[in-house]
Amino acid sequence: MSAKTHASASAVAADYPRIVVPPPGPKARAVIAKDKEYSSPSYIKEYPLVIAGGKGAMVEDADGNRYIDWMAGIAVSSTGYAHPKVVKAVQEAAAKFFHICGTDFYYEGFSDLCERLAKSAPGGGKWRTFLTNSGTEAVEGAVKLARHHTRRPALVAFHSSFHGRTYAAMSLSSSKVKYRKGFGPLMPEVYHLPFHNPYRNTLEDCVRAARELFETKISPEDVAAVIVEPLQGEGGYAIPSPEFLRFWRTTCDEYGMMLIFDEVQSGAGRTGKMWACEHFGVAPDAICSAKGLGSGMPIGAILAKESVMTWPRGSHGSTYGGNPVACASALATLDLLDSELMANARRQGKRLIEGLRRLQVAHPSIGDVRGMGLFIGVEFVQDRDTKEPAAELVAKLEQLAFSKGLLLLSCGKSVVRVAPPLTLTDYDADKGLEILDACLTELKA
Ligand SMILES: Cc1ncc(COP(=O)(O)O)c(C=O)c1O
Numbered sequence: 000m001s002a003k004t005h006a007s008a009s010a011v012a013a014d015y016p017r018i019v020v021p022p023p024g025p026k027a028r029a030v031i032a033k034d035k036e037y038s039s040p041s042y043i044k045e046y047p048l049v050i051a052g053g054k055g056a057m058v059e060d061a062d063g064n065r066y067i068d069w070m071a072g073i074a075v076s077s078t079g080y081a082h083p084k085v086v087k088a089v090q091e092a093a094a095k096f097f098h099i100c101g102t103d104f105y106y107e108g109f110s111d112l113c114e115r116l117a118k119s120a121p122g123g124g125k126w127r128t129f130l131t132n133s134g135t136e137a138v139e140g141a142v143k144l145a146r147h148h149t150r151r152p153a154l155v156a157f158h159s160s161f162h163g164r165t166y167a168a169m170s171l172s173s174s175k176v177k178y179r180k181g182f183g184p185l186m187p188e189v190y191h192l193p194f195h196n197p198y199r200n201t202l203e204d205c206v207r208a209a210r211e212l213f214e215t216k217i218s219p220e221d222v223a224a225v226i227v228e229p230l231q232g233e234g235g236y237a238i239p240s241p242e243f244l245r246f247w248r249t250t251c252d253e254y255g256m257m258l259i260f261d262e263v264q265s266g267a268g269r270t271g272k273m274w275a276c277e278h279f280g281v282a283p284d285a286i287c288s289a290k291g292l293g294s295g296m297p298i299g300a301i302l303a304k305e306s307v308m309t310w311p312r313g314s315h316g317s318t319y320g321g322n323p324v325a326c327a328s329a330l331a332t333l334d335l336l337d338s339e340l341m342a343n344a345r346r347q348g349k350r351l352i353e354g355l356r357r358l359q360v361a362h363p364s365i366g367d368v369r370g371m372g373l374f375i376g377v378e379f380v381q382d383r384d385t386k387e388p389a390a391e392l393v394a395k396l397e398q399l400a401f402s403k404g405l406l407l408l409s410c411g412k413s414v415v416r417v418a419p420p421l422t423l424t425d426y427d428a429d430k431g432l433e434i435l436d437a438c439l440t441e442l443k444a
């Protein structure tokens, strides 16, 4: 990466996006060739981006091309690339000690982060924190906690959900069959119900399906937990009605089921509040977090009410979970979220949604624009009346935008998830909208 990339954000503002060689350039091609030869064939690799560095919401590739990043490495790089305060916190922690194992011993950053997260939980009361390395591990742990606490076997999850790649998380997921195909038998006692996506179904249908499940297939008194993404990520950036989450809060209370919110993608400030569920006024019994929490350092968490985090000493642990360097990164991230980035997410989210709605007027392929803060879904359709997904268009759009210097990422059947770093500037928003407009015009032609 050139020294210029490390210049101040304002100095590079006019200098990106910048395509100096059609990507992938020669250096990127060499990396890709090696990767293709030696890495697991299971990796997806959406498009041939070979990152070499970045600053804020700007990414520079191995050949010096510069892009505006509207996807943050799948909603992760919350404080942008190379935020000086996060870099400093990580460097200082790394210079002290890499590891001691938070399961067995103590250190300050670990207890600081547990306290900070426990106190961030919505709804009041005392909460506790278990630190993990990833989102799937937080989900896996939350499932163990729910079964252990309730001594019940069953779990309810939702259509189009995504919770991760390990066995419990994979069994709870139902966004794409390729994530499950060939891996059976999956975990038993998982029941899937419709998620309320106002663009595609009704709340009444979702409630009816839930009542039918409990009348015909599983007693709610055998259900340990209902696990739901309050805003659905991988499944299509869908935003349910508050009534949907309230229905599940009431139902869980009625039958003694735990309500777990998977906020791995929607949490840690992305929506302009620490937890997306705060927008709905519904507090769960436990929250799973990861992704943006550590700005890209591998850290996740299970937050749970003290009254449900009842597993005893030694019943759950992790060698690396809450690693000191990752804790330092998370603490610096939380400071930035509080001081400026959640406010910026709200401001830039509004700007982007307004801009995307203007594009919707000009481009009939945009069926829906929805979002909270910088968690925004743009759903593409073949026809606004039939709402038939436009998967091919979205695949082409991703590639075309990449060639013009805008990084996009799809989800669901034909949704572009706009989930940029929370450091996004007016320039990053407006320039990205301009490129998106140009791409859609070109694709229409
Ligand atoms: C809502 C949700 N839960 C869990 C996960 C799994 O997280 P990880 O990839 O860190 O295991 C993801 C990842 O995309 C996610 O979006």
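Heads up: the sequence shown begins at 0 in numbering that gives the first Met the number 0, then just goes up one per residue. Think of the CB as a built atom: it goes at the ideal place given N, C-alpha and C, for glycine as much as any other residue.
The residue among His195, Ser294, Glu378, Ser265 with its C-alpha nearest the C-alpha of Arg245 is His195. Residue pairing of Arg416 in beta bridges, as defined by DSSP: Gly376, Leu408. For secondary structure counted as the beta strand (DSSP E) over 3 or more consecutive residues, the stretch 170-235 holds these complete runs in sequence order: 189-192, 222-227. With fewer than 16 other Cβ atoms from the protein chains shown falling within 10 Å of its own Cβ, Leu442 counts as exposed. For secondary structure counted as the beta strand (DSSP E) over 3 or more consecutive residues, the stretch 294-381 holds these complete runs in sequence order: 299-304, 365-371, 374-379. Residue Leu230 holds the alpha-carbon nearest to the alpha-carbon of Phe279 among Arg269, Gly163, Leu230.
Remark: the C-beta of Lys290 is in contact range of ligand 1, defined as less than 7 Å to any heavy atom. The C-beta distance from Pro241 to Val281 rounds to 7 Å, short enough to meet the 8 Å contact threshold. The beta carbon of Ala141 is closer than 6 Å to those of Ile259, Ala285, Cys287, Ile301 in its chain, skipping five residues each way along the sequence. In the three-state scheme derived from DSSP, where H, G and I count as helix and E and B as strand, Thr128 is classed as strand. Look at the beta carbons and you see the stretch 348-359 touching the stretch 427-438: at least three pairs across the two are nearer than 8 Å. Distance between Ile365 and His148, taken at the CA atoms: about 45 Å. Judged by DSSP in its simplified three-state form, Gly55 adopts strand. In this structure, ligand 1 has a non-hydrogen atom nearer than 7 Å to the beta-carbon of Thr135. No Cβ-Cβ contact shorter than 8 Å links Gly372 with Ser77. Not one heavy atom of ligand 1 is found less than 7 Å from the C-beta of Gly411. Distances from the alpha-carbon of Phe213 to those of Ser172, Phe182, Cys251 put Cys251 closest.
For His162 against His191, the beta-carbon gap comes to about 12 Å, at or over 8 Å, which does not count as contact. Between the stretch 323-336 and the stretch 292-306 there are three or more C-beta pairs closer than 8 Å, enough to call the two in contact.
When secondary structure is reduced to three states using DSSP, Asp68 falls in the strand class.
By a beta-carbon distance limit of 8 Å, Gly376 contacts Val414. Their separation comes to about 5 Å.
Taking the Cβ atoms as the reference, Thr318 lies roughly 17 Å from Gly293, outside the contact range of under 8 Å. Residue nearest to Val155 within the set Cys410, Ser172, Asp382 is Ser172 (criterion: CA-CA distance). Under the Cβ criterion (8 Å, minimum of three pairs), the stretch 203-212 does not count as touching the stretch 167-185.
Counting the other CB atoms within 10 Å of its CB gives Lys290 a total of 16 or more, which places it among the buried residues. Ligand 1 has no heavy atom closer than 7 Å to the beta-carbon of Ile43.
For Asp60, the beta-bridge partners assigned by DSSP are Ile50. Taking C-beta separations shorter than 8 Å and ignoring five residues to either side along the sequence, the partners of Val20 in its chain run Asp62, Gly63, Asn64, following chain order. Val58 and Ile99 have their alpha carbons spaced roughly 34 Å apart. Distances from the CB of Glu139 to the heavy atoms of ligand 1 are all 7 Å or more. Sequence-distant partners of Val85 (beyond 5 residues in either direction) whose C-beta falls short of 8 Å from its own C-beta, in its chain, are Thr78, Ser294, Ser328, Ala331, Thr332, Leu335. Residues Leu405, Leu406, Leu407, Val417, Pro419, Gly431 of the same chain have their beta carbon placed closer than 7 Å to that of Trp69, with the five preceding and five following residues left out of the count. The bridge partners DSSP lists for Val155 are Tyr190, Val225. Residue range 257-261 is occupied by the beta strand (DSSP E) that includes Phe260. Here the C-alpha atom of Pro83 lies approximately 28 Å from the C-alpha atom of Phe129.
Distances from the CB of Ile286 to the heavy atoms of ligand 1 are all 7 Å or more.
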